[in-house]
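Just so you know, we're using numbering that gives the first Met the number 0 here: the sequence shown kicks off at 0 and counts up by one.
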Amino acid sequence: MLKKLWPAALLLLLLVLAACGGNDDQAGNDEGDQKSNVPQVLVFGRGGDSVSLDPAIVTDGESAKVTINLFETLVNFGEQDTTIQPGLAESWEVSDDGLTYTFKLREGVKFHDGTDFNAEAVVKNFERWKAGASEKFYYYHSMFKAEGEDIISEVIVEDDHTVVFKLSRPQAPFLKNLAMFPFGIASPAALEKYGESFGDNPVGTGPFKFVEWKRNDSITLEKFADYWQEGLPKLDKVIFRAIPDNSARLNALVAGDIDLADGINPSDAKSVESNGDLQLIERPSMNVGYLGLTVTRPPFDNKLVRQAVNHAIDKKAIVDAFFLGRAEVAVNPMPSSISGYNDEIQDYEYNPEKAKELLAQAGYDGTPIELWAMPVPRPYMPDGRKVAEAIQKNLQDVGIPSEIKTAEWATYLEMANNGEFDAFLLGWTGDNGDADNFLYTLLDKDTIGSNNYTYYSNEEVHKLLVQAQSEVDEEKRNELYKKAQELIKEDAPWVPLAHSTPLLAAKKGVTNYKPHPTGSEVLSKVEMK
0 MLKKLWPAAL LLLLLVLAAC GGNDDQAGND EGDQKSNVPQ VLVFGRGGDS
50 VSLDPAIVTD GESAKVTINL FETLVNFGEQ DTTIQPGLAE SWEVSDDGLT
100 YTFKLREGVK FHDGTDFNAE AVVKNFERWK AGASEKFYYY HSMFKAEGED
150 IISEVIVEDD HTVVFKLSRP QAPFLKNLAM FPFGIASPAA LEKYGESFGD
200 NPVGTGPFKF VEWKRNDSIT LEKFADYWQE GLPKLDKVIF RAIPDNSARL
250 NALVAGDIDL ADGINPSDAK SVESNGDLQL IERPSMNVGY LGLTVTRPPF
300 DNKLVRQAVN HAIDKKAIVD AFFLGRAEVA VNPMPSSISG YNDEIQDYEY
350 NPEKAKELLA QAGYDGTPIE LWAMPVPRPY MPDGRKVAEA IQKNLQDVGI
400 PSEIKTAEWA TYLEMANNGE FDAFLLGWTG DNGDADNFLY TLLDKDTIGS
450 NNYTYYSNEE VHKLLVQAQS EVDEEKRNEL YKKAQELIKE DAPWVPLAHS
500 TPLLAAKKGV TNYKPHPTGS EVLSKVEMK
């Protein structure tokens, strides 16, 4: 009896399973339809416009946000850290003496103009950076040159997909430097075609290609159909919109005019968290905001005046008032998460009376100074104007009158580059997680006129930093950096203010967005749901 019923029971079971499978498929299709009905367009609201879309000639984060999606480097950082991962190079070998790096390049990679990425393209890019003036190719000459010597002595094509770098001396952060956004590989054909206007016509191998730039308004990128990573990018289009005011940017997000907002005021965090349509996003912290004191301009050509300013500013009050628990008071020019941080250094205490004593000792006569406030919010400085006003009050209390001034962002950076400010607010988001990228990049004599905006120069600091670049023993290297921080603290070219946890906000439908500690991330995996 049971034997006779078995085929019927089996048939019934199969029908049930088929029905369940059909329902599962239908659910999957519904989900797919739901996603397909949502335009795969991300509107990214940010605090300012880009300076250029040629990554090799810019240092600002607003330019990097865009170029990192247009160009790719030989090696990459991890998704949310600065570990070294394959990029346009799928593998590499390093010689025992640390002087030869051999990279195996990915095959089948195309530039946005349809030309092939190969070893010759890598060589052409490095020849361009190496031959260019140091004031133009800031990063190349600050990262790969020291003591007047090129660290990269030669880049050689071994075959179409193998390129060899010969170094003049070992460089501990060499791979981390290569992963930085300025070293995105550009199409040699486009470089030749556009010449000086390449920054307005960028062509790389990245997941998105350039469409349009409306100055001080928006930059539009679209999906690169021939991108080498299968299934990426998920988005069809990315629009970067410049909205300088933080509150206006958040209002645009709430109104649905943008999908993602950078530079959220710490004071607005709770309102974002209480809004069921939004999500608050924290960027991993790796930055410093500071007050720079240009050492070539009076009264800050006197070390005692610079030390007095350090005593005059109530950093904790500034952090409490404007960062609202989303930052820690800075003591050194780099955050404590960076290897080589000197945690034994005692900060200048907030002591207005001590500041007055030092000013008297320096012979400061009360001549007013210009205090420059950033015109755009940055991760390390949510509101430059308000921070400047607090500093102005602190300086007035010790007898230093100041006038707050500002300028459009690109002009502001150019003036800082030229050493035209007395005192100024700026900051830095680390490019590669290495101490060299903070101390050497920002405070070495080699980088005056690029990222060393205070024009600070100390020969002993320089020797320590150059030695640290070639030291491959991590413990010895860290000791060199710790000594350099002691000397910098004594010379006081900065008032380090804060290491912040930058905040962003997005619509709930923005998925797979992974903010990077360097301040710029590839958007290839982001989806709209």
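A virtual CB, placed ideally from N, CA and C, is assigned to each residue, including glycine.
Treat the numbers as computed from the prediction; the structure is a model and nothing was measured.
Between Asp115 and Val108, the gap from beta carbon to beta carbon is short of 9 Å. Annotation: Ser266 is outside any beta strand (DSSP E) and is labelled neither H nor E by DSSP. Of Asp300, Tyr379 and Phe102, the smallest CA-CA separation from Gly288 is found for Tyr379. The C-beta separation of Ala354 from Ala415 comes to about 25 Å, leaving the pair out of contact by the 8 Å criterion. Cβ atoms of Ile487 and Leu442 come within 8 Å of each other, at about 6 Å. Under DSSP, Asn286 shares a beta bridge with Thr428.
In the displayed model, Gly44 falls within a strand according to three-state DSSP. A direct Cα-to-Cα measurement between Val154 and Ala247 gives close to 48 Å.
For Gly324, the closest of Leu502, Arg105 and Val509 by C-alpha to C-alpha distance is Leu502. Counting only runs of at least 4 residues, the segment 152–192 fully encloses the following alpha helix (DSSP H) elements, listed from N- to C-terminal order: 173–177. In chain order, Phe43, Arg45, Lys64, Val65, Ser217 and Ile218 place their CB closer than 7 Å to the CB of Phe239, counting only its own chain and leaving out the 5 sequence neighbours on each side. Here the alpha carbons of Leu463 and Phe209 stand approximately 42 Å from one another. Here Val330 has Ile344, Asp346 and Pro495 as same chain residues with Cβ atoms under 7 Å from its own Cβ, once five neighbours each way along the sequence are excluded. For Asp261, the enclosing beta strand (DSSP E) begins and ends at Leu259 to Asp261. Between the segment 168–185 and the segment 96–110 there are three or more C-beta pairs closer than 8 Å, enough to call the two in contact.
The beta carbon of Thr293 sits closer than 7 Å to the beta carbons of Phe299, Gly418, Phe420, Asp421, Thr453 and Tyr454 from its chain, once the five residues preceding and following it are set aside; these are given in chain order. Cα atoms of Ala316 and Arg377: separation of roughly 19 Å, rounded to the nearest angstrom.
By the CB criterion at 9 Å, Lys481 and Leu277 fall outside the cutoff.
According to the DSSP secondary-structure assignment, Pro85 is paired through a beta bridge with Val74. Going by beta carbons, Leu73 and Phe102 fall inside the 9 Å limit.
Looking from the CA of Glu221, the closest CA among Thr500, Asp433, Pro38 and Ser338 belongs to Pro38.
Residues Glu71, Thr72, Leu73, Val74, Asn75 and Ala178 of the same chain have their beta carbon placed closer than 8 Å to that of Gly86, with the five preceding and five following residues left out of the count. In the structure shown, Ile403 adopts extended strand secondary structure according to DSSP, grouped into three states. Counting every other CB atom within 10 Å of its CB across the protein chains shown gives Val471 a total below 16, marking it as exposed.
Close CB contacts of Tyr439 within its chain, under the 6 Å cut and outside five residues either way in sequence, are with Leu464 (chain order).
Ranked by how close their Cα comes to the Cα of Gly97, the residues Val521, Glu478, Glu474 and Ser469 have Ser469 in first place.
Rounded to whole angstroms, the separation of the alpha carbons of Glu473 and Val57 is 30 Å. For Tyr139, the closest of Asp159, Lys175, Glu106 and Asp158 by C-alpha to C-alpha distance is Lys175.
For Arg476, the CB contacts under 7 Å within the same chain, skipping 5 residues up- and downstream, are Ala171, Gly339, Ala467 and Glu470 in chain order. Put simply, of Pro374, Asn511 and Pro283 the residue whose alpha carbon is nearest the alpha carbon of Leu259 is Asn511. Just so you know, the alpha carbons of Lys129 and Phe136 end up roughly 8 Å apart. Counting only the Cα atoms, Lys144 lies some 25 Å from Leu104. DSSP places Val318 in the helix class (H, G or I) of the three-state scheme.
Assignment of beta strand (DSSP E) within the segment 499–525, counting only whole runs of 3 or more residues, yields 502–506 in chain order. The three-state reading of DSSP puts Thr58 in coil, since its state is none of H, G, I, E or B.
Proximity to Ser196 across Phe164, Val304 and Asp53 peaks at Asp53, based on C-alpha coordinates.
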